[in-house]
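Student: Here the protein sequences line up with chains A and B, keeping their order. Here the numbering used here is used: position 147 in the first sequence is 147, and no number is missing along the way. Here the numbering used here is used: position 92 in the second sequence is 426, and no number is missing along the way.
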Amino acid sequence: MASASAVSPLRAAIPQPAAESAIEARDINFFYGDRQALKNVSFSIARGEIFGFLGPNGGGKTTLFKLLSTLVACQTGAVRMLGRDLVGEKPAIQRRMGVVFQHPSVDDKLTVRENLEHHGHLYGMRGNRLRERCRQMLERVGLAERAGDLVETLSGGLRRRTELAKALLHEPELLLLDEPSTGLDPGARREFNDYLAHLRRDEGVTIVLTTHYMEEAERCDRIAILDEGRMVAIAPPGELKEQIGGDVVAVRATGDVGALMAKIDAAMGLKSTLVDGTIRIERPRGHELVRDLVDRFGDQIESVTFGKPTLEDVFVHLTGRRFFTEGAGANSGE
Amino acid sequence: MLLQIYTLWKREVVRFVRQRSRVTGALLQPLVFWALLGIGFNASFRLPGAPAKVSYAEYFYPGVIALVLLFTAIFATISVIEDRKQGFLQGVLVAPITRRSIVLSQAMGGTTLALVQGIIFLALAPIAGVALSLSAVASTIVIMALVAFALTNMGLIIAWRLDSTQGFHAIMNLILLPIWMLSGAFFPAAGAPGWLAWIMRVNPMTYGMSALRQSLYLAHPGSFASLPNLTFSAILTVAFALLTYVAAVRVAARAATI
Numbered sequence: 001m002a003s004a005s006a007v008s009p010l011r012a013a014i015p016q017p018a019a020e021s022a023i024e025a026r027d028i029n030f031f032y033g034d035r036q037a038l039k040n041v042s043f044s045i046a047r048g049e050i051f052g053f054l055g056p057n058g059g060g061k062t063t064l065f066k067l068l069s070t071l072v073a074c075q076t077g078a079v080r081m082l083g084r085d086l087v088g089e090k091p092a093i094q095r096r097m098g099v100v101f102q103h104p105s106v107d108d109k110l111t112v113r114e115n116l117e118h119h120g121h122l123y124g125m126r127g128n129r130l131r132e133r134c135r136q137m138l139e140r141v142g143l144a145e146r147a148g149d150l151v152e153t154l155s156g157g158l159r160r161r162t163e164l165a166k167a168l169l170h171e172p173e174l175l176l177l178d179e180p181s182t183g184l185d186p187g188a189r190r191e192f193n194d195y196l197a198h199l200r201r202d203e204g205v206t207i208v209l210t211t212h213y214m215e216e217a218e219r220c221d222r223i224a225i226l227d228e229g230r231m232v233a234i235a236p237p238g239e240l241k242e243q244i245g246g247d248v249v250a251v252r253a254t255g256d257v258g259a260l261m262a263k264i265d266a267a268m269g270l271k272s273t274l275v276d277g278t279i280r281i282e283r284p285r286g287h288e289l290v291r292d293l294v295d296r297f298g299d300q301i302e303s304v305t306f307g308k309p310t311l312e313d314v315f316v317h318l319t320g321r322r323f324f325t326e327g328a329g330a331n332s333g334e
Numbered sequence: 335m336l337l338q339i340y341t342l343w344k345r346e347v348v349r350f351v352r353q354r355s356r357v358t359g360a361l362l363q364p365l366v367f368w369a370l371l372g373i374g375f376n377a378s379f380r381l382p383g384a385p386a387k388v389s390y391a392e393y394f395y396p397g398v399i400a401l402v403l404l405f406t407a408i409f410a411t412i413s414v415i416e417d418r419k420q421g422f423l424q425g426v427l428v429a430p431i432t433r434r435s436i437v438l439s440q441a442m443g444g445t446t447l448a449l450v451q452g453i454i455f456l457a458l459a460p461i462a463g464v465a466l467s468l469s470a471v472a473s474t475i476v477i478m479a480l481v482a483f484a485l486t487n488m489g490l491i492i493a494w495r496l497d498s499t500q501g502f503h504a505i506m507n508l509i510l511l512p513i514w515m516l517s518g519a520f521f522p523a524a525g526a527p528g529w530l531a532w533i534m535r536v537n538p539m540t541y542g543m544s545a546l547r548q549s550l551y552l553a554h555p556g557s558f559a560s561l562p563n564l565t566f567s568a569i570l571t572v573a574f575a576l577l578t579y580v581a582a583v584r585v586a587a588r589a590a591t592i
């Protein structure tokens, strides 16, 4: 398995098109005191793309989001967004960009409509244009009937919709979203993603999001994987998965999973990994392995699944680490 | 830009009005202070160098107005911390608006609220035994606005650095309340020991207090021989208001967000 430091074949060349780029970033480094949150991150996002930054918490995607949304100032490196320089032409970018925060930036003590009007004023909208646009957006996100309600009376999902309506009110060309799926139930999540797809298709809005949900990353045209501040891959999700080669076999144990894993590795000459309590083995012709495993360890196996690689497998493959590293128990590197 | 400042200002006001407990808290607390201290100190208080007939309740009255301004300004600035905690501020920071304008709208919001509360309190002047003339009212309102603006800015300087309201209360008790207490609001500098009088002399709020007090008695000047003169006090108060605004803008520009 490739270790994090090795040059991976998946570290695709940075895409080129300068004129059409929604975002063009070169060598971004970002420090919080001594801690380096972003290390030489470069990428390019085309107009009309749905682009995702995938990574575990602490991987650097939140910092990147703050930087792109202009919440924190750029330290080193050069960023051009919508053809403008992030440092020198910040207001010009801000006017054409919509930002959806993970924790909605709506005011609880204002009504839904007041929140939208307030936002419109901040972006220089007024009068009929503002009123018409508020009406449109309220209808689009299904909040027309709640327009006069204080935001504090809304459910979490409706708040997020208010936030989305707000971010889109000034008709941005670029929409930045921080962990848009967090806190949404599966139905709401699907609806949300459908809406994003519609925005891109019908209005040509470029969509850039951060996520730690594999399913959400799957829906992106391209994703960049961030790990410990480095960008370890940038490509369409399908391409990333293809490059793993072969199949992924996942085994759940009835008893001690560590013991079973050791036995499997020893008996079959494998190097498996433990991901979320599941033994994962990458290998071509996985179905044969499934048969052998069941023959030999059938009594200790609760279930065996066999499938094509997921983005989670890609992450493990690239970094030698599990995606969700809680605490110090992570098996880092090999 | 004006539209942006207007909308942020309006939000501050709407928010305040919708939180009833704040409105009553900012008014009632000084009122209780005034009633209790006015009654309690009345017998023992003698204003140095002034006719003995000035009661403590009357002496303290301009100080209570300043306290109303201080409390309201503080409540207004606490909303900056809440805005950051609840995420509202992020939305403002990514909008095409300068920090200078954000701070100005926050300061104006706080000033407006404080001024409205101050004017309500001004209506109690007859109870305090202060006979107001029209020019006194006008002058007092102008001075109240300046003092409120300066106090809100001071609150903002603190609030933009902090991320908890608890911290704010601690700093308020350590800095803002003493600034008010040592401004002549509570007791005159004339009778204070030398070192304390000296602190009161360098306290910028002393001049706001002095201007406020003299504005209230605009119709009968001369009873404040121990205070710095009104014009001088007013000029210093303008300077104080401007300086605190500049400082608040600088702090806000440098403040890390979230």
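Even for Gly, the Cβ is constructed at its ideal location relative to N, Cα and C.
Where does the unbroken alpha helix (DSSP H) through B/L577 begin, and where does it stop?
Tutor: As a working mapping, residue 577 of chain B is identified with position 243 in the second sequence. That run of the alpha helix (DSSP H) goes L564 to R588.
Student: Quick one: using the 10 Å Cβ neighbour count with 16 as the cut-off for buried, is B/T358 buried or exposed?
Tutor: Working through the second sequence from its first residue, we reach residue 358 of chain B at position 24. Classification for B/T358: exposed.
Student: For B/A429, which residues in chain A fall below 8 Å Cβ to Cβ?
Tutor: Your numbering for residue 429 of chain B matches position 95 in the second sequence. Near B/A429 (Cβ distances below 8 Å), the residues of chain A are Q94, H119, L122 and Y123.
Student: Would A/V248 and A/G286 be called neighbours here (beta carbons separated by less than 9 Å)?
Tutor: Taking the first residue of the first sequence as 1, we reach residue 248 of chain A at position 248. Taking the first residue of the first sequence as 1, we reach residue 286 of chain A at position 286. Cβ distance < 9 Å, so A/V248 and A/G286 count as in contact.
Student: Could you tell me the boundaries of the alpha helix (DSSP H) in which B/A457 lies?
Tutor: For the purposes of this step, residue 457 of chain B is identified with residue 123 of the second sequence, where counting begins at 1. From DSSP, B/A457 is part of no alpha helix (DSSP H); its letter is neither H nor E.
Student: Looking only at DSSP bridge pairs, what is A/Y32 linked to?
Tutor: Position 32 of the first sequence, counting from 1, holds the residue named residue 32 of chain A. Bridge partners of A/Y32: A/R35.
Student: At a Cβ cut of 9 Å, what residues of the stretch 498-510 of chain B count as close to chain A, listed as they run along the chain?
Tutor: Cβ contacts with chain A: none found.
Student: B/T432: which of A/D107, A/L122, A/P104 and A/V99 sits nearest, CA to CA?
Tutor: By 1-based counting over the second sequence, the position of residue 432 of chain B is 98. Minimum Cα distance to B/T432 is reached at A/L122.
Student: Checking contacts by CB at 9 Å: is B/T341 closer than that to chain A?
Tutor: Reading the second sequence from its first residue, position 7 is the one you call residue 341 of chain B. Yes, its Cβ sits closer than 9 Å to a Cβ of chain A.
Student: Please state if the CB of B/T474 and the CB of B/G444 are separated by a distance shorter than 9 Å.
Tutor: Residue numbering aside, residue 444 of chain B sits at position 110 when the second sequence is read from its first letter. Residue numbering aside, residue 474 of chain B sits at position 140 when the second sequence is read from its first letter. No, the Cβ-Cβ distance between B/G444 and B/T474 is not below 9 Å.
Student: Where do the N-terminal and C-terminal ends of the beta strand (DSSP E) with A/V79 fall, by residue?
Tutor: Along the first sequence, one-based indexing puts residue 79 of chain A at 79. Element bounds for A/V79: T76 to M81.
Student: Once the 5 residues before and after B/L575 are set aside, which same chain residues still bring their CB inside 6 Å of it?
Tutor: Your numbering for residue 575 of chain B matches position 241 in the second sequence. One detail in the question is off: residue 575 of chain B reads as Ala in this sequence, not Leu. Closer than 6 Å at the Cβ level, and outside the excluded window around B/A575, lie L480, F483 and A484.
Student: DSSP on B/A484, reduced to helix/strand/coil?
Tutor: Counting from 1 along the second sequence, the entry for residue 484 of chain B is found at position 150. Three-state DSSP puts B/A484 in a helix.
Student: At a Cβ threshold of 9 Å, is A/M97 touching chain B?
Tutor: Taking the first residue of the first sequence as position 1, residue 97 of chain A is located at position 97. Taking Cβ atoms only, chain B reaches closer than 9 Å to A/M97, which makes this a yes.
Student: Under a three-way DSSP split, which group does A/M214 fall into?
Tutor: Counting from 1 along the first sequence, the entry for residue 214 of chain A is found at position 214. Three-state DSSP puts A/M214 in a helix.
Student: In chain A, what lies closer than 9 Å to B/Q363 by C-beta?
Tutor: Stepping through the second sequence from its first residue, residue 363 of chain B is reached at position 29. The premise fails here: B/Q363 is roughly 22 Å from chain A at the closest Cβ pair, so nothing lies under 9 Å.
Student: By DSSP, does A/S3 sit in helix, in strand, or in coil?
Tutor: To locate residue 3 of chain A, count along the first sequence from 1; it is residue 3. At A/S3, the pLDDT of 42 sits below 50, so the modelled position is not reliable; the number obtained from the coordinates is stated separately. Here A/S3 sits in coil by DSSP.
Student: Quick one: give me the first and last residue of the beta strand (DSSP E) that A/V100 is part of.
Tutor: Against the first sequence, residue 100 of chain A aligns to sequence position 100. First-last of the beta strand (DSSP E) with A/V100: M97 to V100.
Student: What's the C-alpha gap between B/T341 and A/H118?
Tutor: Along the second sequence, read from residue 1 onward, the residue named residue 341 of chain B stands at position 7. Along the first sequence, read from residue 1 onward, the residue named residue 118 of chain A stands at position 118. Roughly 6 Å separates the two Cα atoms.
Student: Considering Cα atoms alone, identify which of A/H103, A/A22, A/E24 and A/Q36 is closest to A/R230.
Tutor: Here residue 230 of chain A refers to the residue found at position 230 of the first sequence. Of the candidates A/H103, A/A22, A/E24 and A/Q36, the one whose C-alpha sits nearest the C-alpha of A/R230 is A/Q36.
Student: Measuring only between beta-carbons, confirm whether B/V348 sits less than 9 Å from chain A.
Tutor: Indexing the second sequence from 1 puts residue 348 of chain B at position 14. Answer yes: the Cβ-Cβ gap between B/V348 and chain A drops below 9 Å somewhere.
Student: What is the DSSP secondary structure of B/R354, counted as helix, strand or coil?
Tutor: On the second sequence, residue 354 of chain B is found 20 positions in, with the first residue counted as 1. The answer is helix: DSSP assigns B/R354 an H, G or I state.
Student: Return the Cβ separation of A/E216 and A/G98 in integer angstroms, given the expectation that the two are a contact with Cβ distance under 8 Å.
Tutor: Working through the first sequence from its first residue, we reach residue 216 of chain A at position 216. Working through the first sequence from its first residue, we reach residue 98 of chain A at position 98. Actually they do not touch by this definition, with Cβ atoms about 18 Å apart.
Student: Output the residue ranges of the beta strand (DSSP E) runs that lie fully inside the stretch 224-286 of chain A and measure 3 residues or longer, sorted by chain position.
Tutor: Complete beta strand (DSSP E) runs here, min 3: 230-235, 247-253, 273-275 and 278-283.
Student: Of all the CB atoms in chain A, is at least one closer than 9 Å to the CB of B/G421?
Tutor: Taking the second sequence and counting its residues from 1, the one referred to as residue 421 of chain B is at position 87. Taking Cβ atoms only, chain A reaches closer than 9 Å to B/G421, which makes this a yes.
Student: Where does A/T111 sit, in a helix, a strand or coil, going by DSSP?
Tutor: As a working note, residue 111 of chain A is residue 111 in the first sequence. Three-state result, A/T111: strand.
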